[in-house]
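Using the working numbering, the first residue of the sequence shown is number 4, and each one after it goes up by one. Don't be surprised by glycine CBs; every beta carbon is placed ideally from N, CA and C.
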Amino acid sequence: MKKHLPILIVLLMAQSIGLLIAQQDTILVFKGRLDTAPTALQTIKPCLLRTERSNSDFGGIIEVQCEAGMSEEMQCCIKVAAQLWEEKLYIPKKVVLKFEKEKMGVGAEDFEAQVLYSFLPGESKAYPQSLFMNFLTDDGRVNSVDAIIKINDDVDWDYSFSDEVINKKNLTTAMLRAIAMSLGFGSTVFDNSAKGVVFFTKRCFSPFDNYVINSNNVRLNEMPNNGRTSQELVSFVTGNNVYYKIPNNESLKLYASPEFRGYNYLSYFDTTGDLMSYNMRIGDKNQQVDRKTQEVLETIGWKEPEKGLKIVADGIDNTGMASATRGYNFRAEIPSGNITKYSWKYELLNNEMDYVLIKKGESSEFAIDKVDALAKYRKNVNGDIKGKISLNAIVDGKEMSKVFHVYLSTKPTFISVKVDSITPIPGTRYYNLDITVIYDGADYLYVEQSEEFGDIVNTHFYYEPYIAHLRFKRIFMIGMSWVDMELSNNEGKAYYTVEIPSQMELLNHSTLIQEEVINSEIAQIEVRDMQGRIVLRTDNYESVSCLSKGIYIVTLTYTNGKTVTRKMCQ
Numbered sequence: 004m005k006k007h008l009p010i011l012i013v014l015l016m017a018q019s020i021g022l023l024i025a026q027q028d029t030i031l032v033f034k035g036r037l038d039t040a041p042t043a044l045q046t047i048k049p050c051l052l053r054t055e056r057s058n059s060d061f062g063g064i065i066e067v068q069c070e071a072g073m074s075e076e077m078q079c080c081i082k083v084a085a086q087l088w089e090e091k092l093y094i095p096k097k098v099v100l101k102f103e104k105e106k107m108g109v110g111a112e113d114f115e116a117q118v119l120y121s122f123l124p125g126e127s128k129a130y131p132q133s134l135f136m137n138f139l140t141d142d143g144r145v146n147s148v149d150a151i152i153k154i155n156d157d158v159d160w161d162y163s164f165s166d167e168v169i170n171k172k173n174l175t176t177a178m179l180r181a182i183a184m185s186l187g188f189g190s191t192v193f194d195n196s197a198k199g200v201v202f203f204t205k206r207c208f209s210p211f212d213n214y215v216i217n218s219n220n221v222r223l224n225e226m227p228n229n230g231r232t233s234q235e236l237v238s239f240v241t242g243n244n245v246y247y248k249i250p251n252n253e254s255l256k257l258y259a260s261p262e263f264r265g266y267n268y269l270s271y272f273d274t275t276g277d278l279m280s281y282n283m284r285i286g287d288k289n290q291q292v293d294r295k296t297q298e299v300l301e302t303i304g305w306k307e308p309e310k311g312l313k314i315v316a317d318g319i320d321n322t323g324m325a326s327a328t329r330g331y332n333f334r335a336e337i338p339s340g341n342i343t344k345y346s347w348k349y350e351l352l353n354n355e356m357d358y359v360l361i362k363k364g365e366s367s368e369f370a371i372d373k374v375d376a377l378a379k380y381r382k383n384v385n386g387d388i389k390g391k392i393s394l395n396a397i398v399d400g401k402e403m404s405k406v407f408h409v410y411l412s413t414k415p416t417f418i419s420v421k422v423d424s425i426t427p428i429p430g431t432r433y434y435n436l437d438i439t440v441i442y443d444g445a446d447y448l449y450v451e452q453s454e455e456f457g458d459i460v461n462t463h464f465y466y467e468p469y470i471a472h473l474r475f476k477r478i479f480m481i482g483m484s485w486v487d488m489e490l491s492n493n494e495g496k497a498y499y500t501v502e503i504p505s506q507m508e509l510l511n512h513s514t515l516i517q518e519e520v521i522n523s524e525i526a527q528i529e530v531r532d533m534q535g536r537i538v539l540r541t542d543n544y545e546s547v548s549c550l551s552k553g554i555y556i557v558t559l560t561y562t563n564g565k566t567v568t569r570k571m572c573q
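This is the structure in structure tokens:
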């Protein structure tokens, strides 16, 4: 990863080694690539199930701001990457990241992270602003974002979350790495085109720099840092014997090859298969925040102070996963001693990304009700409303506090359904159909594909969250075709049907049809028999399955006004 100064950021020009936003702020730019190793067997680590990664101790906010014009798929991958980090770090306040796409050229960097660093007067430390704002100040924000992450729009990105091997660069993997650097992963040593290898800011070291050491027990923060390069520093960062020292005395080897090629200095692990490994192959899909990477960020400050106070919930385990449609009871526990002066608070995250107070309490137990007016609160990419239960109390005369994060599930939702292409098979009366579906609240998608003049119903489960790419082969051009989709979780089900009309016009090479639907659910279902008599009118698709055997005409009306009529054999 190469670090350099941007030409223009926030309308201020770079005058020398630093780009000064204010007297105590500067921007460090990281350029990242996902093709630093020869093509070989790829690392495939799709994101874990929510039950395997959620934790009631973590639930801070990484606010994602995407520029206008980004595709639904790109935005989904960015939001998932932010969510995966929220589930792994203690974030007491908020991190704000802006994402933009930019044509950087084929073969150029895959992403660029412009990370704002802040300084404390009289100290020789440079903190990433995200860390500074969450732990080192009570002041309000001066700068609206902690980092700007630019995505190379010339890269043919892979947006998938499956365990399938795809020989493309995976966007979620790239964004997980970029966000890690926005939070402070990586050293401040860079290659200045005019001065050589130097620290980004004279006389200042970052929290990451302070834990870097070589096999001779020489620390990076002992290197000359006067704005000029030195052979001592060059030898250190290219010595192939550099480690990141974590508090348990374990050493994590960093990439510091003597044959350095200029991508970075001391900002990756010298391993294969970890999220922050230097060696990355095209097709690597690593969508898991591993313990190594998590420990590095905890070491520099992203860690909750040790507390003996614990919040226990009836009906909610340590994942924090719960239902928005029921209430829960909470109580406090400690290993020993007495708790007095309870002060409880229940908050939910609204659509403006702010926590709003729902309830307070001062007794030893605290109860919350089901969520009213679900639309008032923000749903994350998992389809959950984020809440937190906070407790301030006196434990044996000392004031203590604890937060229990809850993820309140709602019914699953289809976010976007898009017909990507209808492609005729040359020399036949058949076509292939490609559809992209984006959804939340479910870990899998169930699909049935049928044809007007066919007796066979093709069924398939897509066991991947967030985005599914559907392909159906050899569909007969004559007659209509339907793709029925179903999402399911403990809160309920959601349905959507894509109707493809007869495609005989494809034989004349007419324009391929495309369809896109966003945020639409079934509003009404009307079922008639073959004589046209209404036999059922409902808004619950499951009621249709209770009809007696026969042939029916089913009309689906969606909340966006769209209607689909089809024949159904029960």
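Residues sharing a beta bridge with residue i, DSSP
{"i": "Cys69", "result": "Phe102"}
{"i": "Phe272", "result": "Leu257, Ser280"}
{"i": "Asp487", "result": "Glu451, Thr500"}
{"i": "Trp160", "result": "Lys172"}
{"i": "Val240", "result": "According to DSSP, Val240 bridges with nothing at all."}
{"i": "Phe122", "result": "Ala129"}
{"i": "Arg569", "result": "Val557"}
{"i": "Lys362", "result": "Tyr349"}
{"i": "Gly35", "result": "Phe114"}
Assigned exposure category for residue i - 16 Cβ within 10 Å defines buried
{"i": "Gln517", "result": "Summary for Gln517: the model assigns pLDDT 45, below 50, so the residue's position carries little reliability, and this model does not support an answer."}
{"i": "Gly564", "result": "exposed"}
{"i": "Gly457", "result": "exposed"}
{"i": "Leu52", "result": "exposed"}
{"i": "Thr302", "result": "buried"}
{"i": "His463", "result": "exposed"}
{"i": "Val384", "result": "buried"}
{"i": "Asn289", "result": "buried"}
{"i": "Cys549", "result": "exposed"}
{"i": "Lys106", "result": "exposed"}
{"i": "Ile1", "result": "In this structure the chain extends from 4 to 573, so residue 1 is not present and cannot be described."}
{"i": "Glu76", "result": "buried"}
{"i": "Met283", "result": "buried"}
{"i": "Glu336", "result": "exposed"}
{"i": "Pro250", "result": "exposed"}
{"i": "Glu235", "result": "exposed"}
{"i": "Ile10", "result": "A caution first: Ile10 carries a pLDDT of 32, below 50, which makes its placement in the model too unreliable to give a value."}
{"i": "Lys91", "result": "buried"}
{"i": "Ser424", "result": "exposed"}
{"i": "Glu225", "result": "exposed"}
Nearest candidate by alpha-carbon position, reference residue i, set the options
{"i": "Arg222", "options": "Met184, Arg231, Tyr246", "result": "Tyr246"}
{"i": "Val460", "options": "Val486, Gln86, Ser551, His472", "result": "Val486"}
{"i": "Ile182", "options": "Ala316, Gln132, Val215, Glu529", "result": "Gln132"}
{"i": "Thr140", "options": "Phe102, Pro124, Ile151, Ile152", "result": "Pro124"}
{"i": "Asn213", "options": "Gly187, Ala197, Glu235, Ser238", "result": "Gly187"}
{"i": "Leu1", "options": "Val530, Phe211, Phe164, Arg284", "result": "This structure leaves residue 1 out entirely; the chain is present only between 4 and 573."}
{"i": "Leu360", "options": "Arg144, Leu37, Ser393, Ile556", "result": "Ser393"}
{"i": "Gln291", "options": "Ile428, Tyr380, Asp166", "result": "Asp166"}
{"i": "Ser127", "options": "Phe203, Val109, Ile94", "result": "Phe203"}
{"i": "Pro429", "options": "Phe479, Glu350, Gly386", "result": "Phe479"}
{"i": "Lys363", "options": "Glu350, Asp357, Glu355", "result": "Glu350"}
{"i": "Gly400", "options": "Gly340, Tyr499, Arg144, Glu112", "result": "Gly340"}
{"i": "Pro177", "options": "Lys248, Gly286, Met488", "result": "It should be noted that the sequence gives Ala, not Pro, for residue 177. Closest by alpha carbon: Gly286."}
{"i": "Ala396", "options": "Asp372, His408, Glu368, Leu377", "result": "Glu368"}
{"i": "Val168", "options": "Ala43, Tyr130, Lys496", "result": "Ala43"}
C-beta atoms of residue i and residue j nearer than 8 Å
{"i": "Cys80", "j": "Leu174", "result": "yes"}
{"i": "Lys414", "j": "Ile438", "result": "no"}
{"i": "Gly444", "j": "Ser419", "result": "no"}
{"i": "Lys313", "j": "Lys405", "result": "yes"}
{"i": "Phe61", "j": "Glu89", "result": "yes"}
{"i": "Ile152", "j": "Ser185", "result": "yes"}
{"i": "Lys82", "j": "Asn137", "result": "no"}
{"i": "Asn353", "j": "Lys379", "result": "yes"}
{"i": "Ala85", "j": "Gln117", "result": "no"}
{"i": "Glu70", "j": "Lys104", "result": "yes"}
Endpoints, beta strand (DSSP E) assigned at residue i
{"i": "Arg540", "result": "537 to 541"}
{"i": "Phe475", "result": "470 to 479"}
{"i": "Arg294", "result": "Arg294 -> not in any beta strand (DSSP E); alpha helix (DSSP H) instead, spanning 294 to 303."}
{"i": "Lys348", "result": "342 to 352"}
{"i": "Ile1", "result": "Lying outside 4 to 573, the shown extent of the chain, residue 1 is not represented and no answer is given."}
{"i": "Met324", "result": "324 to 326"}
{"i": "Glu368", "result": "368 to 371"}
Alpha helix (DSSP H) segment containing residue i, residue limits
{"i": "Leu87", "result": "75 to 89"}
is_contact[residue i, chain D] using C-beta, thresh 8 Å
{"i": "Asp273", "result": "In summary, chain D is missing from the structure at hand, where a single protein chain is found."}
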